[in-house]
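Trainee: Take a look at this one; I'll ask things after.
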Ligand SMILES: Cc1cc2nc3c(=O)[nH]c(=O)nc-3n(C[C@H](O)[C@H](O)[C@H](O)COP(=O)(O)OP(=O)(O)OC[C@H]3O[C@@H](n4cnc5c(N)ncnc54)[C@H](O)[C@@H]3O)c2cc1C
């Protein structure tokens, strides 16, 4: 099948720009064979390659990605590897109790796998740390979301701590927040540093990774044959770890929602600005209302900076324009000013957007698509944890191994069908604008 769309990642991700330039890429050239081919070098693809490298020792594993590692969505997210329920379509992230307990167990398996890789490959605490995170509430309504989520966490038996406005100011240096809900078991990553570090480790373990190698055609003869502009890989087993681009390979058509979200990163703050800001040197806030603003303060490679993420747009073409990035950038500037009015001179240095893939019923696509072809896709906005889990499970499935987690994933419903175009696009965007309007103070 010809691949109908290739990934386009709008704007330079600040996370990757803070790092030293990588070695030149080695795009696939010529015809090669492999025991395993993984398409996509994000969280899912690299977790799959890692699992294969452990369980199919000596096998030849090839990974292809259309772009440089760190430039794709895995290097352009906000870096919250969240263990707890994180349903972006719910009012406060929570859902049904039993499902949320199971989901939390699954997310923790993904995080455990990420932590193992991080330890094995010697990643720094800047790249991966189990530090927990705070749901920040800027409004009474946001506080009510936090309160209801805290009740849900109590019912789940999950530890949490409530912060008042003074404690929030002490952490963030900002007067903007009324309250916060701290949960301890989220891992925080510098996404580009993490994903590049894992790729580097895998390379040392013998996994062949070819960047700038978009798969333009995938077909099955006796084995699967993946074609790139200058090469071809023939392999009996292939794992598709391309998240929403599963559609571009012809699968789960009309069942995946392609959503973009956006981020801006400030220039490095001067020592005077750091002093003016106050608060802790490193912290991360997700919004109490899922459509609100995520904020991170970092201190490390690239200096002291703040990162703002907000806005969701539904874009079935999986592409957005530079104009959109600029327009959303103005929203980021307003969100920044509301929180940090005393940093009025601090401009954004990087602005970017990136793809999420959601399903209406919040399920992933971890499955055997065809003989020898497996999927680790549709991470529902939490690809750091769920993608890592999906990659490991798809590798287990391809290896013929079983586990209760894999059985649960295989028993999941298929993603629900979407209404036809343009109804789905117009409906989803109207719904998102309405939700954002209602959550204005959290934006
Ligand atoms: C601004 C922003 C903030 C976010 N914040 C968070 C967060 O805090 N926590 C969280 O969990 N998630 C967050 N996300 C979502 C997260 O980035 C994704 O869910 C995650 O990257 C998905 O992981 P994945 O491995 O499934 O897919 P991806 O990371 O998208 O990796 C798939 C790879 O497949 C490659 N590919 C696609 N088609 C082809 C092809 N034809 N040939 C070769 N390669 C191909 C792509 O280039 C890509 O690198 C955020 C996203 C954005 C944009």
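In this note's numbering, the protein residues as written are 23 to 465.
Ideal Cβ positions, reconstructed from N, Cα and C, are used throughout, including at glycine.
What's the gap between the Cα of residue 462 and the Cα of residue 266?
Mentor: 28 Å
Trainee: Given residue 119, which residues of its chain have a CB within under 7 Å of its CB, disregarding the five upstream and five downstream residues?
Mentor: If we look at residue 119 and ignore the five residues flanking it on each side, its Cβ neighbours are 177, 178.
Trainee: In three-state DSSP terms, what is residue 140?
Mentor: DSSP places residue 140 in helix when its eight states are reduced to three.
Trainee: What is the rounded straight-line gap between the Cα of residue 101 and the Cα of residue 277?
Mentor: Answer to the nearest angstrom: the Cα atoms are 26 Å apart.
Trainee: Between which two residues does the beta strand (DSSP E) harbouring residue 326 extend?
Mentor: 325–336
Trainee: Taking a contact to mean a Cβ-Cβ separation below 7 Å, would you say residue 310 touches residue 117 in this structure?
Mentor: no
Trainee: Would the beta-carbon of residue 394 be found less than 6 Å away from any heavy atom of ligand 1?
Mentor: no
Trainee: With distance defined between alpha-carbon atoms, name the residue in 55, 51, 40 nearest to residue 257.
Mentor: 55
Trainee: Three-state secondary structure (DSSP) at residue 134?
Mentor: Three-state DSSP puts residue 134 in a helix.
Trainee: So the candidates are 238, 401, 433, 318; which of them puts its Cα closest to the Cα of residue 28?
Mentor: Comparing Cα positions, the closest option is 238.
Trainee: On a Cα-Cα basis, can you pick out the residue from 303, 301, 327, 332 that is closest to residue 316?
Mentor: 332
Trainee: Short check: CB of residue 380 to CB of residue 405, under 7 Å?
Mentor: In this structure, the beta-carbon distance from residue 380 to residue 405 does not fall below 7 Å.
Trainee: Going by the CB atoms, is the gap between residue 304 and residue 217 shorter than 7 Å?
Mentor: No. Outside cutoff.
Trainee: The alpha helix (DSSP H) that contains residue 442, what's its start and end?
Mentor: No alpha helix (DSSP H) holds residue 442; DSSP gives it neither H nor E.
Trainee: Quick check: what's the CA-CA separation for residue 109 versus residue 185?
Mentor: 23 Å
Trainee: By DSSP, does residue 216 sit in helix, in strand, or in coil?
Mentor: helix
Trainee: Is residue 453 buried or exposed, if buried means 16 or more other CB atoms sit within 10 Å of its CB?
Mentor: exposed
Trainee: Measuring from the CB of residue 423, is there a heavy atom of ligand 1 at a distance below 6 Å?
Mentor: For residue 423, the shortest separation between its Cβ and any heavy atom of ligand 1 does not lie below 6 Å.
Trainee: Apart from the five residues on each side of it in sequence, which residues of its chain come closer than 6 Å, Cβ to Cβ, to residue 157?
Mentor: 168, 203, 308, 310
Trainee: Based on DSSP bridge pairs, tell me the residues matched to residue 296.
Mentor: Partner(s): none; residue 296 has no beta bridge.
Trainee: Checking 7 Å against the spacing of the C-beta atoms, do residue 322 and residue 148 come in under that value?
Mentor: yes
Trainee: Does residue 372 come out as helix, strand or coil in the three-state DSSP assignment?
Mentor: strand
Trainee: Which residue marks the beginning of the alpha helix (DSSP H) containing residue 204, and which one marks its end?
Mentor: Looking at the DSSP string, residue 204 is not in any alpha helix (DSSP H); the run it does join, the beta strand (DSSP E), is 201–205.
Trainee: Is residue 414 near residue 401, with beta carbons less than 7 Å apart?
Mentor: no
Trainee: Going by DSSP, what residue range makes up the beta strand (DSSP E) through residue 249?
Mentor: 246–250
Trainee: Using a Cβ-based criterion (distance less than 6 Å to any ligand heavy atom), does residue 288 qualify as near ligand 1?
Mentor: no
Trainee: Just checking, does the segment 283–290 make contact with the segment 415–426 on the three C-beta pairs under 8 Å criterion?
Mentor: no
Trainee: Measure the Cβ-Cβ separation of residue 140 and residue 210 and say whether it is below 7 Å.
Mentor: No. Outside cutoff.
Trainee: Among the candidates 146, 48, 347, whose CA atom is the shortest distance from the CA of residue 214?
Mentor: 146
Trainee: Apart from the five residues on each side of it in sequence, which residues of its chain come closer than 6 Å, Cβ to Cβ, to residue 193?
Mentor: Residues 301, 302, 305 of the same chain have their beta carbon placed closer than 6 Å to that of residue 193, with the five preceding and five following residues left out of the count.
Trainee: Would you list, in sequence order, the uninterrupted alpha helix (DSSP H) runs of no fewer than 4 residues that lie entirely inside the segment 61–119?
Mentor: 65–77
Trainee: Is it true that the CB of residue 84 sits closer than 7 Å to the CB of residue 59?
Mentor: Taking 7 Å as the cut-off, the Cβ atoms of residue 59 and residue 84 count as close.
Trainee: Drop a sphere of 10 angstroms on the beta-carbon of residue 337, count the other beta-carbons inside from all chains shown, and report buried for 16 or more, exposed for fewer.
Mentor: buried
Trainee: For residue 272, does the count of other Cβ atoms within 10 angstroms reach 16, so buried, or fall short, so exposed?
Mentor: exposed
Trainee: Around the C-beta of residue 441, are 16 or more other C-beta atoms found within 10 angstroms, so that it is buried, or is it exposed?
Mentor: exposed
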